[in-house]
Amino acid sequence: MKSNDLKILRELKQGSPDAFKELFDLYYIPLSTYALKYCDSFSIAEDIVQDLFIKLWDEKLYLNFDEIIGPYLFKAVKNNTLQAIKQKSRYHFVEIEELVNKLIIDENIDIKFIEEDKKKLYTEIEALPTKCKEVFKAIVLDNLKYKEVALQHGISINTVKTHYSRALKQLRNVLGIIILLLIV
Amino acid sequence: MNNINSHVSNLISNYISKDISEKEFHELKSWLHEDSKNEQFFIDHLQIYKKVRRIQFAKILDEDAAWNNIVSKLKHSLEEDVTTKKSTSKSKYIKLIPVISKYAAIAIIFLTISYFYQNDYFGSDEKAVIPSDQITLQFENGTVQIINEDGSTQLVDTKGTIVGTQKGNQLVYNNNIEKETLVYNTLTVPYGKRFEIQLSDGTNVHLNAGTSLKYPVKFIKGEKRQVFLNGEAFFSVAKDIKHPFIVNAENLNVEVLGTEFNVSAYTEDTDTEVVLVEGSVGMYKDSQTIKEGTMLLPGTKGSLNKESLNITTKKVNTLIYTSWRQGGLFFRNIPFKNIVKKMERHFNKKIIITNKLLENETFNANFNDEPIENILSYFNDSFNIKYNIKNNIIYIN
Numbered sequence: 001m002k003s004n005d006l007k008i009l010r011e012l013k014q015g016s017p018d019a020f021k022e023l024f025d026l027y028y029i030p031l032s033t034y035a036l037k038y039c040d041s042f043s044i045a046e047d048i049v050q051d052l053f054i055k056l057w058d059e060k061l062y063l064n065f066d067e068i069i070g071p072y073l074f075k076a077v078k079n080n081t082l083q084a085i086k087q088k089s090r091y092h093f094v095e096i097e098e099l100v101n102k103l104i105i106d107e108n109i110d111i112k113f114i115e116e117d118k119k120k121l122y123t124e125i126e127a128l129p130t131k132c133k134e135v136f137k138a139i140v141l142d143n144l145k146y147k148e149v150a151l152q153h154g155i156s157i158n159t160v161k162t163h164y165s166r167a168l169k170q171l172r173n174v175l176g177i178i179i180l181l182l183i184v
Numbered sequence: 001m002n003n004i005n006s007h008v009s010n011l012i013s014n015y016i017s018k019d020i021s022e023k024e025f026h027e028l029k030s031w032l033h034e035d036s037k038n039e040q041f042f043i044d045h046l047q048i049y050k051k052v053r054r055i056q057f058a059k060i061l062d063e064d065a066a067w068n069n070i071v072s073k074l075k076h077s078l079e080e081d082v083t084t085k086k087s088t089s090k091s092k093y094i095k096l097i098p099v100i101s102k103y104a105a106i107a108i109i110f111l112t113i114s115y116f117y118q119n120d121y122f123g124s125d126e127k128a129v130i131p132s133d134q135i136t137l138q139f140e141n142g143t144v145q146i147i148n149e150d151g152s153t154q155l156v157d158t159k160g161t162i163v164g165t166q167k168g169n170q171l172v173y174n175n176n177i178e179k180e181t182l183v184y185n186t187l188t189v190p191y192g193k194r195f196e197i198q199l200s201d202g203t204n205v206h207l208n209a210g211t212s213l214k215y216p217v218k219f220i221k222g223e224k225r226q227v228f229l230n231g232e233a234f235f236s237v238a239k240d241i242k243h244p245f246i247v248n249a250e251n252l253n254v255e256v257l258g259t260e261f262n263v264s265a266y267t268e269d270t271d272t273e274v275v276l277v278e279g280s281v282g283m284y285k286d287s288q289t290i291k292e293g294t295m296l297l298p299g300t301k302g303s304l305n306k307e308s309l310n311i312t313t314k315k316v317n318t319l320i321y322t323s324w325r326q327g328g329l330f331f332r333n334i335p336f337k338n339i340v341k342k343m344e345r346h347f348n349k350k351i352i353i354t355n356k357l358l359e360n361e362t363f364n365a366n367f368n369d370e371p372i373e374n375i376l377s378y379f380n381d382s383f384n385i386k387y388n389i390k391n392n393i394i395y396i397n
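So the protein lines, in turn, are chains A and B.
FYI, the numbering for the first sequence is 1 to 184, going by UniProt numbering.
FYI, the numbering for the second sequence is 1 to 397, going by UniProt numbering.
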């Protein structure tokens with residue numbers, strides 16, 4: 001990655017659009033998933049990374065670099081994301097969130113690994129009782145609000161909460177396995 | 001460790017889904033401080049949540065769409081930068097000016113012709129007759145502009161403001177214009193073609209062959225975002241909880257907050273179908289509100305039968321319903337007459353089935369972006385269905 005990064009930077013400095021596309025291909029997914037850790041919103045994460053690429057090209061920011069460009073991109077994404085969610089995160093455990101984010105490693109995200117993780121994790125989710133499973137999926141995978149889930153399933157908000165708590169509790173019981181599987 | 005009571009569990013789920021009140025937040029905080037085991041438990045939970053979210057996110061990330069979006073927003077376009085590098089002398093810039101104004105003139109003449117064409121021959125008829133093999137854009141005042149897929153144009157409203165830009169087979173509307181009333185444009189894609197459009201709110205719509213979409217040039221703040229569809233389109237709706245997005249397809253409404261789904265609503269089809277890829281949508285008839293409607297889960301198809309007016313749902317492989325975006329034709333238990341209709345739209349060919357018995361027989365088949373001859377010969381080889389071509393019309397026996 002490192003030598004490739006330097007090669008791209010060299011070509012970028014000559015204004016090569018191909019190098020810009022190469023940089024995008026290399027970093028778009030890792031940067032987006034990195035942003036997600038801090039904002040927990042698919043759309044904010046993508047917006048921030050796209051804006052960064054636009055700025056990088058339009059303002060020729062790459063001219064300022066002599067070292068590899070990757071660490072700068074990650075840092076910029078983190079700062080911009082935290083900036084973007086500043087108002088929204090009133091009830092937020094800053095230190096704990098930061099600790100958890102550190103536990104999730106970002107660079108060199110391999111889609112194959114993610115696919116494998118997904119399979120293992122989905123097996124655990126599938127093992128949940130039906131209602132718990134549906135509610136858990138709706139909230140975590142589809143990012144729906146309690147209200148939306150309640151409406152979708154024709155149940156009360158309290159019932160949604162009960163199912164969700166139960167799902168988390170049960171996943172907690174197999175947590176040891178999951179964490180192991182995910183961290184490898 | 002395992003004696004986590006349901007109240008704490010509830011607090012954690014509220015925190016994770018960002019639905020936590022101030023009081024609950026402080027309760028959770030003091031619980032975390034009680035014991036380091038509590039904190040570990042919480043950290044584990046948060047980690048599961050974030051990992052699952054990340055996996056889901058990586059799954060749905062669309063790099064091509066992101067790249068197109070970036071390119072469309074660049075102030076210094078990618079090509080432009082290459083040319084400025086080559087032509088740094090001032091004289092080159094001056095030479096460019098006559099060239100640009102020549103193009104401008106062509107554009108104006110072109111617009112005038114289409115204006116007269118529209119008015120002289122079709123008078124005040126609201127339903128404009130459109131050249132059947134061109135992608136067209138109809139403005140609020142009835143003027144029709146032809147969109148050339150190889151070219152690029154800028155869309156200008158009656159006051160001269162640039163409202164959008166077309167580059168190749170994509171049309172992007174600006175978000176920074178100001179409008180207080182709804183002004184509609186209608187985009188029509190003929191048989192044999194597909195086209196992409198980005199609305200002013202950032203929503204992407206991919207239109208399949210034989211489709212028209214009517215949408216506001218700019219959505220109005222505080223009002224629902226509503227568009228009108230005839231045909232088939234894939235929507236990737238920009239999330240905006242304050243402004244629900246509604247697709248009106250004949251007498252069916254599809255309402256969402258921000259998600260990805262496919263709507264197929266061809267006038268000649270018996271069912272209007274909605275296939276949900278991601279998120280959540282509600283389907284309801286014109287006479288209903290969303291509360292009385294049917295909610296769809298991801299990976300589900302909702303069909304409104306136009307005769308019985310019943311809505312039914314079914315689990316499906318969404319890929320089958322969205323493969324057309326890459327030029328694919330996927331058929332699952334589809335009557336032959338519907339397969340033929342889809343082929344007519346896809347290839348812009350007239351096809352006639354001469355054997356009535358064949359019409360309602362159902363087939364399964366997958367075709368990636370392939371020429372019509374391959375598909376016809378597949379049916380010939382596998383099912384002994386013969387065909388011949390006369391005067392550019394395909395007859396199937």
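Glycine included, each C-beta is placed from N, C-alpha and C at the ideal position.
The beta strand (DSSP E) spanning residue i covers which residue range?
i: alanine 265/B; result: 260-265
i: isoleucine 162/B; result: 162-167
i: lysine 350/B; result: 350-353
i: tyrosine 395/B; result: 393-396
i: glutamine 138/B; result: 135-138
i: valine 274/B; result: 271-278
i: asparagine 333/B; result: 329-335
Ordered along the chain, which non-local residues of its own chain (more than five positions away) have a Cβ less than 6 angstroms from that of residue i?
i: asparagine 253/B; result: Ile246 and Tyr284
i: leucine 376/B; result: Tyr387
i: aspartate 271/B; result: Ser303 and Asn305
i: valine 256/B; result: Val237, Phe245 and Val281
i: asparagine 230/B; result: Ser212
Does DSSP classify residue i as helix, strand or coil?
i: serine 41/A; result: coil
i: alanine 365/B; result: strand
i: isoleucine 8/A; result: helix
i: lysine 92/B; result: Residue confidence for lysine 92/B is low, a pLDDT of 34 falling below 50, so the modelled location carries little weight; the figure read from the coordinates is stated next. Lysine 92/B falls in the helix class under three-state DSSP.
i: leucine 128/A; result: coil
i: leucine 144/A; result: coil
i: glutamate 59/A; result: coil
i: arginine 345/B; result: helix
i: phenylalanine 136/A; result: helix
i: serine 72/B; result: helix
i: glutamate 250/B; result: coil
i: histidine 92/A; result: coil
i: arginine 209/B; result: Here residue 209/B turns out to be alanine, not arginine, going by the sequence shown. In this structure, alanine 209/B counts as coil in the three-state DSSP scheme.
i: threonine 123/A; result: helix
i: glycine 70/A; result: helix
i: lysine 193/B; result: coil
i: phenylalanine 57/B; result: helix
Along the chain, where does the alpha helix (DSSP H) containing residue i start, and where does it finish?
i: tyrosine 378/B; result: 372-383
i: valine 316/B; result: Per DSSP, valine 316/B belongs to no alpha helix (DSSP H) and is neither H nor E.
i: leucine 32/B; result: 22-34
CA-CA distance, residue i and residue j?
i: tyrosine 321/B; j: glycine 210/B; result: 16 angstroms
i: tyrosine 38/A; j: glutamate 268/B; result: 48 angstroms
i: asparagine 169/B; j: lysine 37/B; result: 57 angstroms
i: threonine 136/B; j: valine 217/B; result: 15 angstroms
i: serine 41/A; j: histidine 346/B; result: 37 angstroms
i: threonine 165/B; j: valine 274/B; result: 29 angstroms
i: asparagine 364/B; j: leucine 26/A; result: 39 angstroms
i: serine 205/B; j: isoleucine 104/A; result: The amino acid occupying residue 205/B in the given sequence is valine; serine does not appear at that position. Going by the C-alpha atoms only, they are around 34 angstroms apart.
i: lysine 161/A; j: lysine 131/A; result: 11 angstroms
i: isoleucine 155/A; j: glutamate 24/B; result: 23 angstroms
i: alanine 233/B; j: lysine 29/B; result: 48 angstroms
i: valine 316/B; j: phenylalanine 331/B; result: 12 angstroms
i: isoleucine 339/B; j: phenylalanine 383/B; result: 14 angstroms
i: threonine 134/B; j: proline 190/B; result: The sequence shown places glutamine at residue 134/B, not threonine. In a straight line, the C-alpha of glutamine 134/B is about 6 angstroms away from that of proline 190/B.
Within the same chain, show all residues whose beta-carbon is closer than 7 angstroms to that of residue i, passing over the 5 residues directly before and after it, in chain order.
i: threonine 312/B; result: Ser303
i: glycine 293/B; result: Gly282, Met283 and Tyr284
i: isoleucine 393/B; result: Lys350 and Ile352
i: glutamate 250/B; result: Ala265 and Thr272
i: lysine 224/B; result: His243, Pro244 and Ile246
i: tyrosine 14/B; result: Residue 14/B is actually asparagine in this sequence, not tyrosine. Excluding residues within five positions, the ones whose Cβ falls inside 7 angstroms are Ile20 and Glu24.
i: phenylalanine 379/B; result: Ile385
What does a CB cutoff of less than 8 angstroms around residue i pick up in its chain, not counting 5 residues either side in sequence?
i: isoleucine 44/A; result: Ala35, Thr81, Ala84 and Ile85
i: glutamate 126/A; result: Lys133
Q.
Between the region 40-48 of chain B and the region 16-32 of chain A, can you find at least three pairs of beta-carbon atoms closer than 8 angstroms?
A. No, they do not touch.
Q. Would you call the region 54-62 of chain B and the region 174-188 of chain B in contact, with 3 or more CB pairs under 8 angstroms?
A. No: fewer than three Cβ pairs fall under 8 angstroms.
Q. Does the count of Cβ pairs from the region 354-368 of chain B and the region 332-344 of chain B closer than 8 angstroms reach three?
A. Yes, the region 354-368 of chain B touches the region 332-344 of chain B.
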